[in-house]
Amino acid sequence: MTTPESDAAPGGAAEDGPDEGGRPGQGRWVDVLAVLSFVLLACWITARLWLDPANGVRDNRTDEAQFEWMMAHGARVVTDFAYPFTSDRMNVPDGVNLMANTSVLSISLPMAPVTVLFGPRWSFLLFLTLGMAATGVAWYFVLSRVLIGARGPAWLGAGFCAFAPAMVSHANAHPNIVSQFVVPLLVWRTLRLAEPGRWLRNGLLLGVLIVWQAFLNLEILLMTAIGLGVVVLALALGRPELRAAAARPFAAGLAVAAVLSGVLLAYPLSVQFFGPGAYQGLSTLIRGYRTDLASYVAWSRESLAGDARGSVWLAKNATEENAFFGWPLAVLAVALVWWLRRNVVVLGLAAVGAVFVLFSLGREIRFDGRDTGIPGPWAALEHLPILHSVVPTRWSLALTPIVGILLALGAEHVRRLARRHPAARRQIRFATATVLTMALLPLLPTPLPSIRLDPTPTFVTSGAWRPYVAGGRSIVTLPLPDTTYAVPLRWSAETRLDMPLARGYFLYPDTRPGAGRVALFTAPPRPTSTFFTIIRQTDAVPPITPQDRVAAVDDLRYWRAGAVVLDPRLRQAGSMYRGMTELTGITPTFTGGVWLWDVRPLVD
């Protein structure tokens, strides 16, 4: 069934007749099956997490704990009317700028009932699973109704957009990145800006979507804006008949969208960039996260053809395999661009893709695990405002929807060819199926690896911590939480953030002299946090001086500590036990499954 929108689709998909519909109502069943296939595939990828509630994401337990904390924060905003953009429940006493972190308020707020009723672990898992499925569904309907006009090609493209290797890689506890269902809606509403007579309505709808995506992931919003800008420019240059008719309503609608989103986001963004806890770009280390050029033709570890041993040196970790298209699909994507080069949308997509590839290579091009010494164009851009907060390798993630759209356009072109040449229809379909199988079968996703998480100590679940946080005090955990140990965030999330933590895992400015306020993954180090970091790295207690004991008391007072707790299941628990006891002179008690130092008499 062809809609008026598909008749005007930029790619001209509907010019050869209506979509395959068959009998009345058959198209509706095709839609149902398409939606069901995306839900089942998302459940397949996360199956190990659903089947055993004690399991967590094996390759990224820290981010899973952080997102569970964020889901609990969203519920707290709804139930307790907490301030949404910062929080004092972590990093006591300084708090956390949640606008400068992945607070996902556009998801955590509406999912508050799930978090309250079932807990943050289940709301996180539902967010992760439905985010992938919804991305496929949104792309399917936008492709089939707006961009392509055919259900089969739309299903193919949407499936890749939602379940490509890069998306499955980020399914390792990055639900804000795999939940890209707003992106196709942004594409749809941007194209509808050209509709005459509805500039106000279309501009308002686009503005609302921009705000929605801003509270889900600003990085994805930036990439979408750049991509749409280039494609719209290509349409304006390549289709003058569209430009003449659409320029005025498009400009008016875009202005409405900009004003609405600007007004609604002005205050939250002022908190993000200028509020307490705001930072000035990422550290040099994180800005060095770039895409290895060889990874574009390699296999992802979470795909049918891949394994960790074959990709470990091509990506920083299991969650940042942002390319990994494999040789067959890389060749097919280039071939599709050449084959469909008369289509201005394809040329626009190719231009955007080339720019994103160059950006993703970072400040120095790396090939097969080795630095080449060749500077990348990102070196001239990485210090610019806003861009200094983008991880370079994420630009290659933006290639996934580009390749997905190319696959859909190519499949639709084949469908029209087969219709024009009925005598060769069988051969055309056989050749197409063979090519797609060779390119996509090796990329089929496998279930995410899981690992059994340690149960939360009874000290936390029973509420035994409550007397120790009275009067605005915090709980100090050993080791103090950071990017390598975020388990305390899960504990706090299970208490609905009633249990406040000293320090934590979040982005925070480095306030040390000369650091330039670049982002750290926790608060700036203090003597006692450094002391226990050394113990965790060496499993040995460093020599303790009187100055160390004085610094420990100062730090505990700074953190407003009511109690220090240690999980005895940690490998370095013995060394940490000795270190804390020698620092404070307090003998701990074993209660609720943890060692506990009551430091209230020490810091009062």
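Okay, so the sequence shown: first residue is 1 according to the numbering used here, each after it adds one.
In this text, a Cβ means the ideal position worked out from N, Cα and C, and glycines have one as well.
Exercise. Sort R76, L218, G281 by Cα distance to M111 and report the nearest one.
Key: Comparing alpha carbon positions, the residue from R76, L218, G281 closest to M111 is R76.
Exercise. Tell me whether E195 sits in a helix, a strand or coil according to DSSP, three-state version.
Key: If DSSP states are grouped into helix, strand and coil, E195 belongs with coil.
Quiz item: Considering only C-alpha positions, which residue in the set R549, R571, V565 is nearest to Q537?
Solution: Of the listed residues, the one whose Cα sits closest to Q537 is R571.
Practice problem: Using 10 angstroms around the beta-carbon of T495, count the other beta-carbons present and answer buried if the total reaches 16, otherwise exposed. | Solution: For T495, the number of other beta carbons within 10 angstroms of its own is at least 16, and it is reported as buried.
Quiz item: Taking the C-alpha atoms as reference points, what is the distance between V208 and V182?
Solution: Roughly 11 Å between the two C-alpha positions.
Quiz item: Should Y505 be labelled buried (16 or more other beta-carbon atoms within 10 Å of its own) or exposed?
Solution: By the 10 Å Cβ count, Y505 comes out buried.
Quiz prompt | Neighbourhood of W44 by C-beta distance below 7 Å, restricted to the same chain and skipping five residues each side | solution = These residues qualify, in order along the chain: P447.
Quiz item: Is it a yes or a no for the stretch 98-106 touching the stretch 203-222, going by three-plus beta-carbon pairs under 8 Å?
Solution: Three or more beta-carbon pairs separated by less than 8 Å link the stretch 98-106 to the stretch 203-222, which places the two stretches in contact.
Quiz item: In terms of DSSP beta bridges, what is D598 paired with?
Solution: In the DSSP output, where bridge partners are listed per residue, D598 has A563.
Quiz item: Run through DSSP, which three-state label would P525 get?
Solution: In the structure shown, P525 falls within a coil segment according to DSSP collapsed to helix, strand and coil.
Quiz item: How would you label P196, buried or exposed, when you count the other beta carbons within 10 angstroms and need 16 or more for buried?
Solution: P196 comes out exposed.
Quiz item: For E364, which of helix, strand or coil comes out of DSSP?
Solution: Strand at E364.
Practice problem: Please determine if the stretch 373-386 and the stretch 412-422 are in contact, where contact requires at least 3 C-beta pairs separated by less than 8 Å. | Solution: A contact is defined here as three or more CB-CB pairs under 8 Å, and the stretch 373-386 fails this definition with respect to the stretch 412-422.
Practice problem: Indicate the three-state DSSP secondary structure (helix, strand or coil) for D482 in the structure shown. | Solution: Under the three-state reduction of DSSP, D482 is assigned to strand.
Quiz item: Ends of the alpha helix (DSSP H) at I220?
Solution: From DSSP, the alpha helix (DSSP H) with I220 extends over 218-238.
Exercise. Give the C-beta separation of L311 and E321 to the nearest angstrom, bearing in mind that I take them to be a contact with Cβ-Cβ under 8 Å.
Key: Residue identity check: residue 311 is Ser in the sequence provided, not Leu. Sure, about 6 Å apart at Cβ, within 8 Å.
Quiz item: Where G21 and G27 are concerned, what is the direct C-alpha to C-alpha distance, given to the nearest angstrom?
Solution: The pLDDT assigned to G21 is 49, lower than 50, so where the model puts this residue is not dependable, and the model offers no usable value.
Quiz prompt | Per-residue DSSP class, three states only, for R496 | solution = In the structure shown, R496 falls within a coil segment according to DSSP collapsed to helix, strand and coil.
Exercise. Would you mind working out which of L520, D368, P543, I586 sits nearest F531, comparing C-alpha positions?
Key: Minimum Cα distance to F531 is reached at P543.
Quiz item: Does the separation of the CB atoms of V594 and D567 fall below 7 Å?
Solution: In contact: V594 and D567 (Cβ atoms closer than 7 Å).
Quiz item: Which term fits T522, buried or exposed, when burial requires 16 or more other beta carbons within 10 angstroms of its beta carbon?
Solution: Classification for T522: buried.
Quiz prompt | Coil, strand or helix - S303 by DSSP | solution = S303 falls in the strand class under three-state DSSP.
Quiz item: If you check the beta carbons only, do G362 and P401 fall under 7 Å apart?
Solution: The answer is no: Cβ separation not under 7 Å.
Quiz prompt | Inter-residue Cα distance where the pair is A138 and G463 | solution = Counting only the Cα atoms, G463 lies some 42 Å from A138.
Quiz item: How about the stretch 60-77 and the stretch 454-469: do they share at least three Cβ pairs that are nearer than 8 Å?
Solution: Taking 8 Å as the limit for Cβ pairs, the verdict is that the stretch 454-469 does not touch the stretch 60-77.
Practice problem: Take Q180 and list the residues in its own chain whose beta-carbon comes closer than 7 Å to its own, dropping the five residues that flank it on each side. | Solution: Contacts found: T135, I220.
Self-check item: Segment limits, alpha helix (DSSP H) that includes I586
Solution: Segment: none, I586 is in no alpha helix (DSSP H) and carries neither H nor E.
Exercise. Taking 7 Å as the cut-off, decide whether the C-beta atoms of G605 and G203 are in contact.
Key: Within the shown structure, residues of the chain are numbered from 1 to 604, placing residue 605 beyond reach of any answer.
Quiz item: Assuming G472 contacts G277 under a Cβ cut-off of 8 Å, what Cβ separation, rounded to an integer in Å, is found between them?
Solution: No, G472 and G277 are not in contact; Cβ-Cβ is about 18 Å, not under 8 Å.
Quiz item: Hey, R145 and V30: beta-carbon distance below 7 Å or not?
Solution: Contact annotation: R145 and V30 have beta-carbon atoms that are not nearer than 7 Å.
Quiz item: Do you know offhand how far M499's Cα is from L444's?
Solution: Between M499 and L444, the C-alpha separation is close to 42 Å.
Quiz item: What are the boundary residues of the alpha helix (DSSP H) that includes I428?
Solution: For I428, the enclosing alpha helix (DSSP H) covers residues 425-440.
Exercise. Go to V116, then tell me how far its alpha helix (DSSP H) extends in each direction, as first and last residue.
Key: For V116, the uninterrupted alpha helix (DSSP H) segment begins and ends at 112-118.
Quiz item: Quick one: what's got a C-beta closer than 6 Å to G579's C-beta in the same chain, skipping five residues either side?
Solution: Only I535, V541 meet the Cβ criterion.
Quiz item: In whole angstroms, what is the alpha-carbon distance linking A122 and L233?
Solution: The sequence given here places Trp at residue 122; Ala does not occur at that position. One C-alpha to the other measures close to 43 Å.
Self-check item: Three-state secondary structure (DSSP) of I148
Solution: Coil, per DSSP.
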